[in-house]
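**Student:** Got a structure for you, questions after.
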Amino acid sequence: MKIDVRNVSVTIDDTPILGDVHLAVEPGTVTGLIGPNGSGKSTLLRCVYRALKPKCGTVHIGADDVWRASARQAGRRTAVVAQDHDLDNDFSVEETVAMGRLPHKGLLERDTGADRDIVGAALSRVGMTWAANRVFASLSGGERQRVLVARALAQQAPVLLLDEPTNHLDIGSQHDLLELVRDLGLTTIAALHDLDHATAYCDNLVLLDTGTVIAAGDPASVLTEDRVSEVFGVHSAIVSHPLTGRPHFVTAPAADTAAETE
Amino acid sequence: MLRTETASPHLVAGARYGVLVIALAAALVVAVALSIGIGTVDVPVGQVLEVIWAHLRGDLGGLDPLTNQIVWDFRTPRVLLAAVAGAGLSLAGLCLQTLVRNPLADPYVFGVSAGASLGAVIALTTGAGAVAAIGVAGAAFVGSLVSLVVVFAMAQRGGKLLGSSLVLAGVAIAYLGTALTGFIQLQADPSELRGVMFWLLGSVAGATWPTLLVPLLATVLTAAVLLTQARPMNALSTGDDTAAGLGVAVNQLRLLLLLASSLLTAAVVSSAGGIGFVGLIVPHAVRLVVGPDHRKVMPLSLLTGAVFLVLVDLATRTVDKPNEMPIGIFTAALGAPFFLLLLRGRKRALR
């Protein structure tokens, strides 16, 4: 399902967070949102999954305006792996994944055998069947993220949104997770910090800085040495990755560069 | 090591949950019947049931008038008020804990009880005899709503509630309300003081059938509405953004929980005074047994709160017969050790 963000601006407490953002994601593709901390990545995602109403502009998923539909309808169209998951409760992994059925269930409707099958299939898809009866909070960071992806799958939504899904994960888990997300084939937007991951796993990138889109398009055209240096305030160079041959970013503090060039 | 667990991590799950609900419902009936029978004058359970059955049938012929008065006019409303107050306060505590995702949340921490008491005390002292029962309850409701609105206004920024600010603002408002209540108490003339003390200590001793009505309606109404929101409440308890992503209208749900908890607290406090500890501990105890799923926690909290407060009320009347003790002493003395035991069990379950 196509995602179309047009002219979106967000202001919180009189502070502009996003200014006139455009974003288009083709069905079945993965788009990476990149940019420094505070550049508006999470805010843009929150506008797409209807957690935040933009001051102006529209968000369409497929043909429908997100803010003309109900919250429930949004839950059936977009599944989210957010950053705010509270670990102070004892939901089991199975209960956590079963929450994905929420937008499909009536007020007092009980879980059916079909719901349990969907939950089981989702857990199996992310390789976490063994943990179904563990307490979610007792899992490792990488395992928790896989479970949250399983919950998104149980939501059966055509659009998947991930807000810095690889935070706090070890390197192996980061690759596992992004590979999993890539293989799902859903229309995906992921806010990412690692530029190499963004290049390797995304079809398109959108570079944000202070709430505006600096560049959008395929990874090679968005992530140039000059742009990365300027936006992130570092000295950067692109080299060939010795293992994959793909472009790889090496960075150094901007101060070091200044000393060098003087 | 990948260890596959075949059983649910919760103490009670699956079919055993149904058994627990039935057992607690039965315990409630037994506790209510026993509690009606026991007091300064003991009435055998058989006679208690006889009186209640006669009233339900509408045929009072052949009843001993004194027994009838003790059972139907004095004890039954009192015991039912204890049950309703326990259920209502537990549900209010559950709402607030889910709303702010803070384990310390209860009607006391957020100043709701202090606000309700202040409103009631103002009505009692300024309106004197002119204030009818509904006026005092109304004042208590307004007081609790005002304190909640102030607390939430202080703790929000750009529409997002900050958990730590919420707790701190709530504690400050609670102290402020308590201080003002104390001030008014000192200004009140002795004839009004008795009524004022009633609010502050928390007691079901003065219960009559009419005083039971408001908290009963409030509890039944909010429980009926909230039971339909159990799934969204599960989502909200894991995070605002997560809940929004699952299709929950977060702000509306927040508002609903806020209104429900203040309605419940105001209704209970206005008829039974400020009974502490129940709203804090019952939802926690229930979660430790069946896990955090609101579809299970909510019915069980209602039942557990009701059974617990009926037993506590019984204890306040029997420990030092014929004197009565304040209810607040026993809610904590009976509840805290039990709760600490459950808490130890949780550590084991988490490994």
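So the sequence lines, in the order shown, correspond to chains P and Y.
Numbering-wise, the first sequence is residues 1 to 262 according to the numbering used here.
Numbering-wise, the second sequence is residues 1001 to 1351 according to the numbering used here.
Just so you know, even glycine gets a beta-carbon here, dropped at the ideal spot from N, CA and C.
Small disclaimer: the values here were computed from a predicted structure and weren't measured.
(1) What whole-angstrom Cβ distance do G1279/Y and S1090/Y have, given they're in contact under 8 Å?
(2) According to DSSP, simplified to helix, strand and coil, what is R6/P?
(3) Out of V1084/Y, G1058/Y, V1051/Y, P1322/Y, point me to the one whose CA is closest to A1223/Y's CA.
(4) Which whole-angstrom value is the C-beta distance of I118/P and A154/P, which I expect to be below 8 Å?
(5) In angstroms, rounded to a whole number, what distance separates the CA positions of S1203/Y and A1272/Y?
(6) Between C1095/Y and L1257/Y, which are expected to be in contact by the criterion C-beta below 8 Å, what is the C-beta distance as a whole number of angstroms?
(7) Kindly confirm or deny that the segment 1057-1076 of chain Y and the segment 56-65 of chain P touch, where touching means at least three C-beta pairs closer than 8 Å.
(8) Take V1030/Y as the anchor and find which of V1045/Y, V1021/Y, Y1017/Y has the nearest alpha-carbon.
(9) Name the two residues that bound the continuous beta strand (DSSP E) containing G1046/Y.
(10) Would A1235/Y count as contacting chain P if we go by Cβ distances under 7 Å?
(11) Using alpha carbons as the reference points, say which of D90/P, G19/P, T31/P, D196/P lies closest to T188/P.
(12) Tell me, please, whether the CB atom of T1126/Y is closer than 7 Å to any CB atom in chain P?
(13) Would you verify that the beta carbon of G1014/Y is, or is not, closer than 7 Å to some beta carbon of chain P?
(14) Alpha carbon to alpha carbon, how far is V1220/Y from S173/P? Give it in angstroms, no decimals.
(15) Distance, Cα to Cα, N133/P vs L1213/Y?
(16) If you drop the 5 nearest sequence neighbours on each side, which residues of the same chain put their C-beta closer than 6 Å to that of L1145/Y?
(17) Relative to the C-alpha of F1110/Y, which residue among M1325/Y, A1172/Y, G1086/Y, W1209/Y is closest?
(18) Residues of chain Y with a CB under 7 Å from the CB of M99/P: which are they?
(19) Three-state secondary structure (DSSP) at D115/P?
(20) Got a sec? Which residues, its chain only, sit under 7 Å from T210/P by beta carbon, not counting five neighbours each side?
(21) Tell me which residues share the same chain as C56/P and place their Cβ nearer than 7 Å to its Cβ, disregarding the 5 neighbours each side in the sequence.
(22) Is the CB of S1165/Y under 7 Å away from at least one CB in chain P?
(23) Should the segment 132-146 of chain P be regarded as contacting the segment 1016-1027 of chain Y, the criterion being three or more beta carbon pairs within less than 8 Å?
(24) Look at the alpha carbon of H197/P and the alpha carbon of H175/P, and state the distance between them as a whole number of angstroms.
(25) Is the beta carbon of K41/P less than 7 Å from the beta carbon of A191/P?
(26) Would you kindly work out how many angstroms separate the C-alpha atoms of D1293/Y and E95/P, rounded to a whole number?
(27) Taking C-beta to C-beta, are V213/P and V222/P nearer than 7 Å?
(28) Does the distance from the C-beta atom of A79/P to that of L160/P stay below 7 Å?
(29) Mind checking if P1292/Y is an interface residue toward chain P, Cβ cutoff 7 Å exclusive?
(30) Cβ of G1291/Y within 7 Å of Cβ of D90/P?
(31) Residues in its own chain within less than 6 Å of P242/P by CB, not counting five upstream and five downstream?
(32) Which residues share a DSSP beta bridge with C56/P?
(33) I'd like to know whether the C-beta atoms of V1196/Y and L1124/Y end up nearer to each other than 7 Å.
(34) Closer than 7 Å by beta-carbon distance: list the chain P residues that pair up with A1249/Y, in chain order.
(35) Would you report the Cα separation of A1130/Y and P1215/Y, rounded to the nearest angstrom?
(36) Does E179/P get closer than 7 Å to chain Y when you measure Cβ to Cβ?
**Tutor:** From the atom records:
(1) Rounded, the Cβ-Cβ distance is 6 Å, consistent with contact.
(2) strand
(3) V1084/Y
(4) That belief holds up - the Cβ atoms of I118/P and A154/P are roughly 5 Å apart, short of 8 Å.
(5) 5 Å
(6) 5 Å
(7) no
(8) V1045/Y
(9) Unbroken run through G1046/Y is the alpha helix (DSSP H), 1045-1057; no beta strand (DSSP E).
(10) Taking Cβ atoms only, chain P reaches closer than 7 Å to A1235/Y, which makes this a yes.
(11) T31/P
(12) no
(13) no
(14) Just so you know, the alpha carbons of S173/P and V1220/Y end up roughly 49 Å apart.
(15) 43 Å
(16) S1262
(17) A1172/Y
(18) N1234, A1235, L1246
(19) The DSSP-derived three-state label of D115/P is helix.
(20) S39
(21) N7, S9
(22) no
(23) no
(24) 8 Å
(25) yes
(26) Their Cα atoms are separated by approximately 8 Å.
(27) Judged by their CB atoms, V213/P and V222/P are not nearer to each other than the 7 Å cut-off.
(28) yes
(29) The C-beta of P1292/Y comes closer than 7 Å to at least one C-beta of chain P.
(30) yes
(31) none
(32) According to DSSP, which records beta bridges pairwise, C56/P is partnered with S9/P.
(33) yes
(34) Near A1249/Y (Cβ distances below 7 Å), the residues of chain P are A71.
(35) In this prediction, A1130/Y has a pLDDT of 48, which is less than 50 and means its spatial position is unreliable; nothing more can be read from the coordinates.
(36) no
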